[in-house]
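Chemist: One rule links them: number in the numbering used here = place in the sequence shown (from 1) + 55.
For every residue, glycine included, the Cβ atom is placed at its ideal position computed from N, Cα and C.
Got a structure for you, questions after.
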Amino acid sequence: MAKKKCAKCEAMKEEEDFPFRNKAKNQRSYWCKVCHKDYREDWLITHPNYNKKHYAKYKEIRKIHIRKLVISPNISNLITEALLKHVLEKGYKLDNKIKPLIQDVLDISVFNAIDDITKRAISILDNKQRNYRIWHQPTTRKQKALNKADEVFKRARKNEKLPEPHTKDGLWIRNKKQAKAGKGSNAWHPEIEEIAIHYDFPKVFDIS
56 MAKKKCAKCE AMKEEEDFPF RNKAKNQRSY WCKVCHKDYR EDWLITHPNY
106 NKKHYAKYKE IRKIHIRKLV ISPNISNLIT EALLKHVLEK GYKLDNKIKP
156 LIQDVLDISV FNAIDDITKR AISILDNKQR NYRIWHQPTT RKQKALNKAD
206 EVFKRARKNE KLPEPHTKDG LWIRNKKQAK AGKGSNAWHP EIEEIAIHYD
256 FPKVFDIS
């Protein structure tokens with residue numbers, strides 16, 4: 056089996072020791088699985104209270120969204136009445152015995168539909184939270200820079216190439232490369248290069 060060198064620990068390892076970055080195209084990460092794991096563990100050590108604060112904030116946001124999704128009984132009744140009127144307009148004749156039964160069926164249908172929509176919306180909110188990346192909390196200039204780096208290299212990986220030099224992302228990369236070399240007014244953070252490597256662009260900030 057072929058071997059490759061890890062861009063992080065520089066050890067030669069089996070190809071299967073590198074996680075997939077695109078399984079469909081059989082493309083693997085430049086970091087080995089151990090380095091990916093160590094990076095996540097180190098981040099959690101340096102940010103011990105991140106999950107507690109972040110999820111506490113999200114819990115309140117989730118409550119607000121769920122409250123917006125709840126439909127009042129008055130609205131539910133209006134929907135039922137509109138559906139019943141629609142049935143009558145279609146030419147169906149309902150006597151006093153059948154009409155309450157039809158109304159009960161419509162009530163249950165409306166309730167089930169609202170309940171299903173609410174559950175789906177809550178599921179979407181939960182999945183969105185679960186997939187939220189760890190550096191998407193810009194509270195300082197450094198965090199904003201890391202957030203920007205994540206956006207730039209995520210787009211680059213989606214396009215399967217680095218941005219053109221004249222584009223907005225290309226100019227941002229050039230400015231950060233100059234900052235790494237000690238030139239210009241931009242600040243340099245080593246974590247930016249780690250994010251670039253994470254998205255499989257290990258040489259983007261190499262200074263020749």
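1. Could you give the distance in angstroms between the alpha-carbon of R175 and the alpha-carbon of T222?
2. Am I right that H244 and K197 are in contact with their C-beta atoms under 8 Å? What's the rounded C-beta distance?
3. Considering only the alpha carbon of each residue, which of K80, A200, K88 and G237 lies closest to C61?
4. Which of the three DSSP states is assigned to V207 in this structure?
5. Is the Cβ-Cβ distance between L217 and F256 less than 8 Å?
6. Assign R210 to one of two classes, buried (16 or more other C-beta atoms within 10 Å of its C-beta) or exposed (fewer than that).
7. Helix, strand or coil for K92 per DSSP?
8. Starting from E69, trace the beta strand (DSSP E) in both directions and tell me its first and last residue.
9. Sort out for me which residues DSSP pairs N77 with in a bridge.
10. Going by CA-CA distance only, name the one from K238, S240 and K258 that's closest to I247.
11. Buried or exposed for R83, please, with buried defined as at least 16 other CB atoms from any protein chain shown within 10 angstroms of its CB.
12. Within its chain, find whatever has a CB closer than 8 Å to the CB of D97; leave out the 5 residues flanking it on each side and keep chain order.
13. Quick check: the Cα distance between P74 and R95, rounded to an integer number of angstroms?
14. Would you give the residue range spanned by the beta strand (DSSP E) that K58 belongs to?
15. Are the CB atoms of A204 and A19 within a distance shorter than 8 Å?
16. Distance check for I100 and N202, CA to CA, integer angstroms please.
17. Exposed or buried, which one is I228 when buried takes at least 16 other CB atoms within 10 Å?
Modeler: According to the structure data:
1. 39 Å
2. 6 Å
3. K88
4. helix
5. yes
6. exposed
7. Helix.
8. M67 to E69
9. Q82
10. K258
11. With 16 or more other Cβ atoms from the protein chains shown falling within 10 Å of its own Cβ, R83 counts as buried.
12. none
13. 14 Å
14. K58 to K60
15. With the chain covering 56 to 263 only, the question about residue 19 has no answer from this structure.
16. Distance between N202 and I100, taken at the CA atoms: about 20 Å.
17. Per the 10 Å Cβ criterion, buried.
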